[in-house]
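As structure tokens, the structure follows; a few thoughts come after it.
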Amino acid sequence: MVQRAAHALRRLRLPPEGPPGPSRAAFWRSPLRGPWLTTTLGLLLLPLVIVVAVTGFVSHAAYQPDLGANAIVDRAHDLQLLIFGWPSRPTWLYAANQGVHVTVGFVAIPLLLAKLWSVIPRLFAWPPLRSPAQALERLSLLGLVGGAAFQFATGVVNAQLYYPFHFNFVVAHYYGAWVFLAALAVHLVVKLPVMRRAYREHGAWRPLRDDLARTRAEAYEPGGLASPRPAAPTMSRRGLLAMVGGAAGALAVVTAGQSIGGPLRRLAVLAPRGGALGPGPNDFPINKTAAAARVTPALVDASWRLQVQGARTLALSRADLLALRQTSAELPIACVEGWSTTQRWSGVRLADLAALAGVPAARMLHVASVQPRGVLRRATLGHAQIHDDEALLALRVNGADLSLDHGYPARIIVPALPGVHCTKWVGTLEFL
Ligand SMILES: Nc1nc2c(c(=O)[nH]1)N[C@H]1C(S)=C(S)[C@@H](COP(=O)(O)O)O[C@H]1N2
Ligand SMILES: [Mo]
Numbered sequence: 406m407v408q409r410a411a412h413a414l415r416r417l418r419l420p421p422e423g424p425p426g427p428s429r430a431a432f433w434r435s436p437l438r439g440p441w442l443t444t445t446l447g448l449l450l451l452p453l454v455i456v457v458a459v460t461g462f463v464s465h466a467a468y469q470p471d472l473g474a475n476a477i478v479d480r481a482h483d484l485q486l487l488i489f490g491w492p493s494r495p496t497w498l499y500a501a502n503q504g505v506h507v508t509v510g511f512v513a514i515p516l517l518l519a520k521l522w523s524v525i526p527r528l529f530a531w532p533p534l535r536s537p538a539q540a541l542e543r544l545s546l547l548g549l550v551g552g553a554a555f556q557f558a559t560g561v562v563n564a565q566l567y568y569p570f571h572f573n574f575v576v577a578h579y580y581g582a583w584v585f586l587a588a589l590a591v592h593l594v595v596k597l598p599v600m601r602r603a604y605r606e607h608g609a610w611r612p613l614r615d616d617l618a619r620t621r622a623e624a625y626e627p628g629g630l631a632s633p634r635p636a637a638p639t640m641s642r643r644g645l646l647a648m649v650g651g652a653a654g655a656l657a658v659v660t661a662g663q664s665i666g667g668p669l670r671r672l673a674v675l676a677p678r679g680g681a682l683g684p685g686p687n688d689f690p691i692n693k694t695a696a697a698a699r700v701t702p703a704l705v706d707a708s709w710r711l712q713v714q715g716a717r718t719l720a721l722s723r724a725d726l727l728a729l730r731q732t733s734a735e736l737p738i739a740c741v742e743g744w745s746t747t748q749r750w751s752g753v754r755l756a757d758l759a760a761l762a763g764v765p766a767a768r769m770l771h772v773a774s775v776q777p778r779g780v781l782r783r784a785t786l787g788h789a790q791i792h793d794d795e796a797l798l799a800l801r802v803n804g805a806d807l808s809l810d811h812g813y814p815a816r817i818i819v820p821a822l823p824g825v826h827c828t829k830w831v832g833t834l835e836f837l
């Protein structure tokens with residue numbers, strides 16, 4: 406089919422250099438484009454991509470998709486990686502992982518854009534289909550560029566809490582990562598000889614010594630990245646890298662504060678949940694308000710009872726829970742979107758509730774909220790999450806009752822657990 410399409414294209418008798426416009430090599434005139442620049446941008450981008458990939462898979466493991474309500478897709482079709490019992494220590498483990506994942510992801514964007522700019526003439530390569538081998542290479546680039554664009558775009562809109570798409574973010578971002586990383590591995594193997602040649606010819610650092618006056622175009626080769634008709638440079642290569650690095654640094658500054666906290670939080674202007682709120686005990690970020698979750702005051706009024714199920718079943722009022730031994734702990738809520746906030750919580754240990762339910766050695770806990778709808782109203786916790794001394798069903802925060810938006814009458818707070826599993830407005834605990 407490819408051959409037939411190539412043949413049909415030839416029969417159109419278009420000029421061999423392509424129709425006028427971007428498919429002609431001479432259309433592209435930047436003197437900076439060339440294998441050295443693309444190699445350098447790629448080598449700067451690669452470690453960032455590796456960090457984002459590793460923290461992404463760690464986050465996937467922290468989600469514990471092999472446990473009950475956490476499953477991201479139908480069990481039978483799920484390919485899982487890195488599944489182990491997620492630990493509950495150190496308490497900041499997930500906050501740090503996710504802060505790095507989101508911040509480094511943002512920082513990588515200027516590098517990604519610069520790298521795409523450096524290879525854009527290839528998008529218009531003429532003829533578009535030359536041979537089956539070339540068609541296959543272009544298809545793999547579709548996985549690479551499309552995969553990168555998809556991962557970064559879904560990641561950014563997720564961190565902005567904006568969901569214009571009608572698919573499950575967790576599922577799409579997870580499988581998108583596999584497509585992108587597989588295409589990246591193929592790309593690295595295919596391009597290794599080109600990269601080695603570029604560095605053999607120019608050295609890894611030498612082009613960075615050239616100021617604007619000494620900046621020369623890389624040599625043109627048909628089908629290559631360098632221009633056959635380079636314009637006079639308006640910027641040196643080190644100037645270009647400094648510009649990209651400056652943009653990356655600026656993004657780090659306006660993102661990292663949402664995870665690091667302290668005075669840096671004020672700088673996190675790009676983070677919708679990053680900003681500092683007032684000094685009140687419940688004045689810290691709210692991800693989903695009670696109104697947004699359709700949790701009405703009537704659902705959690707004096708008639709509310711916590712159903713605790715295990716070897717026996719109990720129904721506990723808030724007063725009953727407050728009469729049990731109370732434990733306090735300084736713990737973060739760490740959202741998958743990258744922001745985190747550490748507060749002082751107090752309430753009943755999950756291990757104490759497991760013992761009350763007659764299953765002191767419980768290995769799994771299904772949590773369900775009174776929230777009427779939505780995927781986040783359920784979560785499943787594993788052994789480490791039930792038995793940590795600071796794993797709590799929190800009733801109070803910073804010395805005050807939980808506000809309705811933060812999960813009144815009771816919410817889950819567990820060290821190192823992703824925020825998404827810290828269920829608010831808890832109605833049922835089922836220990837297994
Ligand atoms: N019932 C319920 N619990 C929930 C959610 C929700 O939508 N519904 N959101 C979760 C998410 S994604 C996070 S990050 C935390 C945020 O807690 P906060 O709103 O108190 O800051 O609550 C979690 N608990
Ligand atoms: Mo979250």
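For the sequence shown, the positions run 406 to 837 when my numbering is used.
Here a beta-carbon is modelled for each residue, glycine too, at the ideal position from N, C-alpha and C.
The beta carbon of A430 lies closer than 6 Å to those of P633 in the same chain, with the five residues before and after it left out. By the beta-carbon neighbour count (other beta carbons within 10 angstroms, threshold 16), G832 is buried. Assignment of beta-bridge partners to H771 by DSSP yields T785, E835.
Listed in chain order, the non-local C-beta contacts of A652 below 6 Å within the same chain comprise P515, local neighbours out to five positions each way being set aside.
Distances from the CA of S733 to each of S808, S722, R749 were compared; the closest alpha carbon is that of R749. Around the C-beta of E422, fewer than 16 other C-beta atoms lie within 10 Å, and the residue is accordingly described as exposed. Taken through DSSP and simplified to helix, strand or coil, S545 comes out as helix.
DSSP, reduced to helix, strand and coil, places G752 within a strand of the structure shown. Taking the Cβ of N692 as the reference point, at least one heavy atom of ligand 2 falls within a distance shorter than 7 Å. A contact is defined here as three or more CB-CB pairs under 8 Å, and the region 447-465 fails this definition with respect to the region 611-626. Under DSSP, V713 takes part in a beta bridge, and its partners are L719, L834.
P737 has T747 as its beta-bridge partners, per DSSP.
Separation of the CB atoms of F529 and A553 is rounded to 19 Å, and the pair is thereby denied contact status at 8 Å. Uninterrupted alpha helix (DSSP H) stretches at least 4 residues long and entirely within the region 626-693 occur at 642-665, given in chain order.
Ranking W433, L597, A657 by CA distance to the CA of T508 puts A657 first. A distance criterion of 7 Å places the beta-carbon of G461 beyond contact range of ligand 2, judged by its closest non-hydrogen atom. By the criterion of a C-beta distance shorter than 6 Å, V599 is surrounded in its chain by P440, once the five residues flanking it on both sides are discounted. By the CB criterion at 8 Å, A697 and R710 fall outside the cutoff. In this structure, the C-beta of G560 stays at least 7 Å away from each heavy atom of ligand 2. Contact check for L672 and G683: beta-carbon distance about 18 Å, past the 8 Å limit, so the pair fails to qualify.
Straight across, the Cα-Cα distance linking A577 with M769 is about 27 Å. Taking non-hydrogen atoms of ligand 2 into account, the C-beta of E742 is found less than 7 Å away from one of them.
The region 510-525 and the region 432-449 touch, with no fewer than 3 CB-CB distances between them shorter than 8 Å. Around the beta carbon of I455, a 10 Å sphere encloses fewer than 16 other beta carbons of the protein chains shown; the residue is thus reported as exposed. Here P777 has R699 as same chain residues with Cβ atoms under 6 Å from its own Cβ, once five neighbours each way along the sequence are excluded. Between D725 and the set L736, Q712, E735, R717, the nearest pair of CA atoms involves Q712.
Counting the other CB atoms within 10 Å of its CB gives Y468 a total of 16 or more, which places it among the buried residues. Its chain contains L613 as the residues whose beta carbon lies nearer than 7 Å to that of R643, once the 5 sequence neighbours on both sides are disregarded; these appear in chain order. Contact annotation, V764 with A716: C-beta distance approximately 5 Å; criterion of less than 8 Å satisfied. In the three-state reduction of the DSSP assignment, P823 falls in the strand class, which pools E and B.
When DSSP states are grouped into helix, strand and coil, V802 belongs to the strand group.
Between S774 and W830 the beta-carbon gap is near 5 Å, inside 8 Å, which marks them as a contact. Distances from the CB of G824 to the heavy atoms of ligand 2 include at least one below 7 Å. In its chain, beyond the 5 residues on either side, V713, L798, L834 have a beta carbon closer than 7 Å to the beta carbon of L758. For A762, the CB contacts under 7 Å within the same chain, skipping 5 residues up- and downstream, are V713, Q714, G715, A716, R717, L719, F836 in chain order. For I525, the secondary structure class from DSSP, reduced to helix, strand or coil, is helix.
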